[in-house]
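Notes follow the structure.
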Amino acid sequence: MSPVDTPKAVSPAGRLNTLLGKYTMYRLILLVLAALAVYSLVLDGLGWLTFGIPGMLVHLALCLGMTYASNRALAAVFHVRPHSESSLITGLLLYFLFWPSFAPLDVAGVVLACWLASASKYALAWRGRHIFNPAAAGAFVTGLTGLNIATWWAATPAMLWLLVPGILLVLYRTRKYLMAAVFLLVATSIVTSELLQAGTSLGGGLWQALAQRPLLFFVGFMLTEPLTLPPRRWQQLALAAAVGVLFAVPYNFGFLANSPELALLAGNLLAFLAGQRGGVQLTFSGSRALTPSTTEFVFRPSRPVRFVPGQYMELDLPHAESDGKGRRRVFSLTSAPASETVTFGVRTSEPLSAAKKALLALTPGDRVAATAVGGDFVLPRDPRAPVLLIAAGIGITPYLAHLASGAGRDRDVVLLLLARNAGEISYASELAASGARVVARLADGSAPPSFAADAGTAATAGSVSGARLDGPSLKALVPDIAERAVYVSGSPGSVASLRRAVRAAGVRRVHVDSFSGY
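This is the structure we're talking about:
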């Protein structure tokens, strides 16, 4: 991201965003689950768990080894490159779902669950996208065979000391706090009500629901899995409520009885029906330099892509030299939904991540897989609602789909650009033709392009060029800012600073899109 003259003080949230931005969601979840696995061994050594460390080590090695080996074997059969991080996450989840045991049938059940979990990514998939959470699918089908049954032993009070911080960290990174809260409210209310009717106190009922049932582990690591969620926030909240009911209400229809894994699989199916059904193959058409530090990549999809302006697409970018950030990366869609191509604007200055190197190495005709579409960085439905769009550096990209769809002509749009210099303003020709009122604030103090007003001369209360971009300066640039829906896009640090400035200008709610995990 280009540095901008936003407030220099960095909040704890801004520092946390910057730190977490170094890891993809998959890598962060893998690290948290690995830490929990080590913690469980420590608890057993202290006597707070009673499995026995040899049994736990064998169980852990079995889950990781079987999911890793089965994933690579099945990937070879289907001629695709295996996603090792995903297989390890699945293995760690199964480690916490099944009771550690040396009993032959129990071990056979765990092995079966691992292979079924890996197989579900291929057999229970549609157009390259797996429909169901692999760990839940493997556990559910294994339970039907009678070899082993998932006990979700992670729901142990002693685990809470690290489980709760780990879940909070993951939910913060995935921005799924509200979804988790809806699920917990629904499921906890139902479970606690049943316990109250059985004579348990309110405090005891809440404790049993949250500490002795797998609600927290379920919502932190499984319900909010990105690939099995619907694309819009309201759909995710509705899904959380529905799964909460299925999770907590007891029922038994022969071989179908309520269980966490069955509740999750039902939710996965609902999410699949609501979203982009299946992955999309993208054929690379070409690229163009937008600025000395940014590049646009153009792809032709194998079929129409369903998305709303402002949403993102996740690409699977295999690369031989991993940089620890994983293969899957999220990029804002810059093309209009009606376009025959999909485009992405990407910052390509040094240092380059392995994924960006893979993008730059593409030649026309090469294919990559788009695994998901999502996001809620969308404009108000009412076209009469005025908006202020603030873009720091490459943060301009999510606004391009809005403007390409006519937002600058159909509604009152003010676009505030923050960049190093005029040469670092991406999509200049598109912005000039957008119909939006564009205001540019350049860090070097130079004049912006002719289509953009200078932030220093646009203010009504003297020049703000070179001054700190705070609440008063924003009100000077956009006097009716409090009456507008405000959107902020950029790096985690820039977004945190700009959000504080926007709120200081009198805006209660700020929509943000933070570019992390590159």
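Oh and the sequence shown: position 441 is 440 in numbering that gives the first Met the number 0, straight run, nothing missing.
Where is the CB? At the ideal position from N, CA and C, for every residue including glycine.
As the structure is a computational prediction, the values presented were derived from the model and not from experiment.
For residue j and residue i, believed in contact at Cβ under 8 Å, the rounded distance
{"i": "R172", "j": "L19", "result": "5 Å"}
{"i": "P103", "j": "F50", "result": "In fact, because the Cβ distance is near 17 Å, the residues do not count as touching under 8 Å."}
{"i": "N132", "j": "L263", "result": "6 Å"}
{"i": "N147", "j": "G108", "result": "2 Å"}
{"i": "R346", "j": "S428", "result": "Between S428 and R346 the Cβ distance is about 19 Å, and since that is not below 8 Å, they are no contact."}
{"i": "V341", "j": "F298", "result": "5 Å"}
Whether residue i touches residue j by CB criterion (8 Å)
{"i": "A247", "j": "V218", "result": "no"}
{"i": "F216", "j": "L177", "result": "no"}
{"i": "V242", "j": "V304", "result": "no"}
{"i": "T282", "j": "R366", "result": "yes"}
{"i": "A518", "j": "A484", "result": "Residue 518 lies beyond the stretch modelled for the chain, which goes from 0 to 517, so this question has no answer here."}
{"i": "A500", "j": "D469", "result": "yes"}
{"i": "V279", "j": "P300", "result": "yes"}
{"i": "L359", "j": "A390", "result": "no"}
{"i": "E313", "j": "T223", "result": "no"}
{"i": "L168", "j": "V37", "result": "no"}
{"i": "L93", "j": "C113", "result": "yes"}
{"i": "I166", "j": "V244", "result": "no"}
Counted within 10 angstroms of its Cβ, other Cβ atoms place residue i as buried (16 or more) or exposed
{"i": "K21", "result": "exposed"}
{"i": "Y426", "result": "buried"}
{"i": "S472", "result": "buried"}
{"i": "R327", "result": "buried"}
{"i": "T362", "result": "exposed"}
{"i": "R287", "result": "exposed"}
{"i": "Y486", "result": "buried"}
{"i": "Q310", "result": "buried"}
{"i": "Q235", "result": "buried"}
{"i": "R508", "result": "exposed"}
{"i": "G46", "result": "exposed"}
{"i": "L268", "result": "exposed"}
{"i": "Y250", "result": "exposed"}
{"i": "S445", "result": "exposed"}
{"i": "A60", "result": "exposed"}
{"i": "W151", "result": "buried"}
{"i": "K7", "result": "Bear in mind that the predicted position of K7 carries a pLDDT of just 46, short of 50, making it unreliable; the figure below should be weighed with that in mind. Looking at its Cβ environment, which holds fewer than 16 other Cβ atoms inside 10 Å, K7 is exposed."}
{"i": "H129", "result": "buried"}
{"i": "L272", "result": "exposed"}
Alpha-carbon to alpha-carbon, residue j and residue i
{"i": "F343", "j": "D443", "result": "27 Å"}
{"i": "L441", "j": "L201", "result": "58 Å"}
{"i": "R436", "j": "V412", "result": "6 Å"}
{"i": "L143", "j": "L255", "result": "9 Å"}
{"i": "G489", "j": "V477", "result": "19 Å"}
{"i": "M65", "j": "G90", "result": "8 Å"}
{"i": "E84", "j": "L29", "result": "7 Å"}
{"i": "A186", "j": "E193", "result": "11 Å"}
{"i": "S258", "j": "R174", "result": "26 Å"}
{"i": "Y25", "j": "M221", "result": "12 Å"}
{"i": "A138", "j": "L42", "result": "25 Å"}
{"i": "A135", "j": "L115", "result": "10 Å"}
{"i": "A403", "j": "G394", "result": "16 Å"}
{"i": "G405", "j": "S433", "result": "7 Å"}
{"i": "A122", "j": "A74", "result": "12 Å"}
{"i": "N420", "j": "M55", "result": "57 Å"}
{"i": "L497", "j": "G44", "result": "48 Å"}
{"i": "T333", "j": "P447", "result": "22 Å"}
{"i": "L184", "j": "A149", "result": "24 Å"}
Test: residue i CB closer than 8 Å to a CB of chain D
{"i": "E313", "result": "Checking the listed chains, one finds no chain D in this structure; it contains a single protein chain."}
As an exercise, report each continuous beta strand (DSSP E) stretch of at least 3 residues that is fully enclosed by the region 429 to 456, in chain order.
436 to 441 and 451 to 453
3-residue-minimum beta strand (DSSP E) runs that sit fully inside the region 366 to 437, ordered along the chain
366 to 373, 386 to 391 and 412 to 418
Which ranges does the alpha helix (DSSP H) cover as unbroken runs of at least 4 residues, wholly within the region 128 to 166, from first to last along the chain?
133 to 144
Ignoring anything shorter than 4 residues or poking outside the region 219 to 249, list the alpha helix (DSSP H) runs there in chain order.
232 to 247
Taking only runs that begin and end inside the region 91 to 126, name each unbroken beta strand (DSSP E) of 3 or more residues, in chain order.
none
Which ranges does the alpha helix (DSSP H) cover as unbroken runs of at least 4 residues, wholly within the region 169 to 209, from first to last along the chain?
176 to 196
Which runs of the beta strand (DSSP E), 3 residues or longer, sit entirely within the region 307 to 362?
311 to 315, 327 to 331 and 341 to 346
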